[in-house]
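Residue numbers (full-length UniProt numbering): 1 to 579.
In what follows, a single structure is set out as C-alpha cells and then discussed.
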C-alpha cells in the first residue's frame, strides 16, 4: 500500500531482545526454504546484522507445505502499544439492515505485508536462518509488518480504513470492515455483484491481494467473524460450537482463560451469560492449584447446552424501536434486547453484566436501577441510541426520584439519572414479566404482577420490623454522643448518655484511645440500646454514621458478611455485631 512506513517503539530499546533460535529439523528447514526464498525475492525479508534476535519455527499446513511463524512474544512484551482503534465485533453487525439478502465476504491475503516498516524499526524483527542446502547462516529481518506482532492488526486496520474512505458504495449496499475482513451486504443480487467486482478491482489497485479460497462471492448466506449471516438474521457457526464442546475440562487457569475467550464470543446467544460463567472467574481468582469439581462440570455442561440450543438472532433495524427487558438475579444484571416483527418479539441479543460489590449489597429494587443503567449502556452499543423502551418489574423512575438518594452517592446518582431519565429516546416502563422467556413468549402470572418498590425497599432495609426513624410518642428518651480529641498532645476518647426527667448524665466513661469519633458515637448508641433492652424507647444521636448503620448500611453489611465493598472486614465489625 502506498502509505508512510510504520515506526515501532520499544521499552528500553538499548537493551536488545536476544533469544537463540530453536533447533529446527532438516525437514522443517527444507519446508521453510521455498517460503523464505520467496519472501526475500519479493523484498519482504532482507539480510541484516541486528543486535536483536527472536526465533522462528515451521508449521506444517494441511497441504504439506510449511508456514513461517515468527515467535515475537518477547518483542510484544516490550512494545509501547498505540491505542487500539479496531471495530468492536460485538456491535459491528449493527450497521447491517435486516432487509439485506445478498452478501460477499472478502478476506485479504497476507494483508500485514502490504504495510511498510520504517528502516529504524526493522532490526527489532530479526531472526537467524540457516539454509538447508548451502548451510549458510545469516540474519534476516522484516521490511513490512510481520504476522504475530501485537500491533500489526491495529496498524493495518487503521491504514485500510483510511484507504476505504476514498471508496464509495452504491445506494442500497453496505460495506463493513474488521481488520482485513470485508463484508458487502445489499438487498439486490445484481447490486452486490457489481459492488463486489468494483471493490475487488479497487483493492487490487491499492496493492492488496485477496484469498480466492476464502472468497464468498454474492451468496445468500455467508460466514463472517464466526457467525453465519442470512436475510436479517445471524447464528453461531456450528463449527465454533463443536470446537467448544470438544474441549476437555480445564486443568489450569490458562485453559480457563481460553474457554472464557471462546464462550465469551458467543455471549449474545446465552441468556444470563455473566451469571453462568461466574464460577470460571472465581476459579481464576483462587490461589494455589485449581480444582475442577463435579459441580463445575455440571455448570459447564449447562453452558454447552445453551450453545447447542442457541437461538437465531435478528439483525437490528436502526429505524425501528427496540425493547429491552431487564431484571437481576444473584448479583447479576440480565436481559434481552428485542424488536417487533409481524407482531412477535424477536431477540436481537441477550445482555448480562455482573454488579459491582457495592451495589450487590443494596436492596433488590435498587440493584435493578444499576442493572438497568448497565444494560442500557450495553444496548446502546447495538442500537446506536435509537428509540429504546426499557421494561422491568421495578419502578425505576420512582426509585431514582424518591429512594435512591438515601443509598446512592451523588456521583453515582447523577450518572444513573443521566442514563435513564435524561435521554429523550429512552422510555421506562413497569411490567409484571419476570424473565426473558416470559417477555418473549408469554404473559405474566397474575401472582407475579408488579410490586411496590418503595415498600419493598423499606422492608428489605429494616434490621427489625419495630425499628422506626421517627420518635415514638411514648417510652424513654436518651440522648447519646461520643468524641475523640487531642488535648495537650494526648488523644482522649469517651462517650456519654443523657436521660431522665432532668436530662442528666446517666452514664459516661473513657474509651480506647485508638478509637475514632465514629466508633465512640456508635458505642454510645450501643450502650443506650443495652440499657433499654426490651423497652419502648427513642434514642437521639447526631452521628450520621451511627444512624445510617442502624437504619440502612447495617443490613447491607450483614448480607455481605460484615465486609466492605473491597471484600475486607469492616473496621468496627465487633461493635456492629453487638448493635
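Here a beta-carbon is modelled for each residue, glycine too, at the ideal position from N, C-alpha and C.
Am I right that residue i and residue j are in contact with their C-beta atoms under 8 Å? What's the rounded C-beta distance?
i	j	result
residue 493	residue 512	6 Å
residue 222	residue 95	With a Cβ gap of about 15 Å, residue 222 and residue 95 do not count as contacting.
residue 112	residue 146	7 Å
residue 256	residue 283	6 Å
residue 348	residue 316	5 Å
residue 9	residue 76	Not a contact, Cβ separation roughly 13 Å.
Return yes when the Cβ of residue j is within less than 8 Å of the Cβ of residue i, no when it is not.
i	j	result
residue 392	residue 430	yes
residue 71	residue 181	no
residue 236	residue 262	no
residue 517	residue 483	yes
residue 274	residue 352	yes
residue 30	residue 139	no
residue 314	residue 98	yes
residue 204	residue 179	no
residue 159	residue 115	yes
residue 486	residue 524	no
residue 172	residue 161	no
residue 386	residue 318	yes
residue 414	residue 400	no
residue 453	residue 398	yes
residue 389	residue 334	no
residue 28	residue 66	yes
residue 269	residue 311	yes
residue 585	residue 241	Examination of residue 585 is not possible in this model, given that the chain is present from 1 through 579 alone.
residue 209	residue 131	no
residue 1	residue 207	yes
residue 100	residue 212	no
residue 53	residue 19	yes
residue 249	residue 297	yes
Using the Cβ count rule (16 or more neighbours within 10 Å means buried), how would you classify residue i?
i	result
residue 528	buried
residue 327	buried
residue 82	exposed
residue 227	buried
residue 380	buried
residue 338	buried
residue 384	exposed
residue 234	buried
residue 332	buried
residue 446	A caution first: residue 446 carries a pLDDT of 47, below 50, which makes its placement in the model unreliable, though a value can still be read off. Its Cβ having fewer than 16 others within 10 Å, residue 446 is exposed.
residue 344	exposed
residue 141	buried
residue 309	exposed
residue 185	buried
residue 122	buried
residue 12	exposed
residue 303	buried
residue 306	buried
residue 124	buried
residue 506	exposed
residue 572	buried
residue 51	exposed
residue 155	buried
Note down, in chain order, each residue of its chain lying with its Cβ closer than 6 Å to the Cβ of residue i, except the 5 sequence neighbours on either side.
i	result
residue 271	350 and 436
residue 574	none
residue 537	475 and 476
residue 471	538
residue 69	57 and 59
residue 21	55 and 128
residue 521	482, 543 and 546
residue 478	497, 499, 528 and 539
residue 224	105 and 183
By Cβ distance below 8 Å, which residues in the same chain neighbour residue i in space, the five residues on each side in sequence not counted?
i	result
residue 449	Any reading at residue 449 must be qualified, since the residue scores a pLDDT of 49, below 50, and its modelled position is unreliable; the value itself is stated next. Closer than 8 Å at Cβ, skipping near neighbours: 432.
residue 508	494, 495, 496 and 497
residue 15	none
residue 164	175 and 177
residue 202	167
residue 510	492, 493 and 494
residue 359	366, 367 and 370
residue 144	44, 112, 113, 114, 115, 116 and 117
Cutting at 7 Å between CB atoms, please list the residues of its own chain near residue i, excluding the five before and the five after it.
i	result
residue 118	5, 6 and 7
residue 218	102, 104, 189, 192, 193 and 196
residue 419	373, 376 and 377
Report task. Identify every run of the alpha helix (DSSP H) within the segment 222-278, keeping only runs that are complete inside it and at least 4 residues long; order them along the chain. Result -> With a minimum length of 4 residues, the continuous alpha helix (DSSP H) runs that stay inside the segment 222-278 are 238-246, 253-264 and 273-276.
Query raised in the report: Can you give, in chain order, each stretch of the beta strand (DSSP E) that sits fully within the segment 116-184 and has at least 3 residues?
Result: Segments of the beta strand (DSSP E) lying fully in the segment 116-184: 126-130, 137-142 and 173-178.
Requested in this report: List in chain order: all unbroken alpha helix (DSSP H) runs of 4+ residues lying wholly within the segment 52-80.
Outcome: Fully enclosed alpha helix (DSSP H) runs of no fewer than 4 residues occupy 73-78 of the segment 52-80, in order along the chain.
**Report entry** Whole runs of the alpha helix (DSSP H) within the UniProt domain "RNase H type-1" (472-579), excluding any shorter than 4 residues
**Finding:** If we require 4 residues or more, the alpha helix (DSSP H) runs fully inside the UniProt domain "RNase H type-1" (472-579) come out as 517-531, 544-548, 554-559 and 573-578.
Report task. Scan the segment 376-436 and note each continuous beta strand (DSSP E) run of 3 residues or more that stays entirely inside, going in chain order. Result -> For the segment 376-436, whole beta strand (DSSP E) runs of length 3 or above, ordered along the chain, are 388-392 and 426-430.
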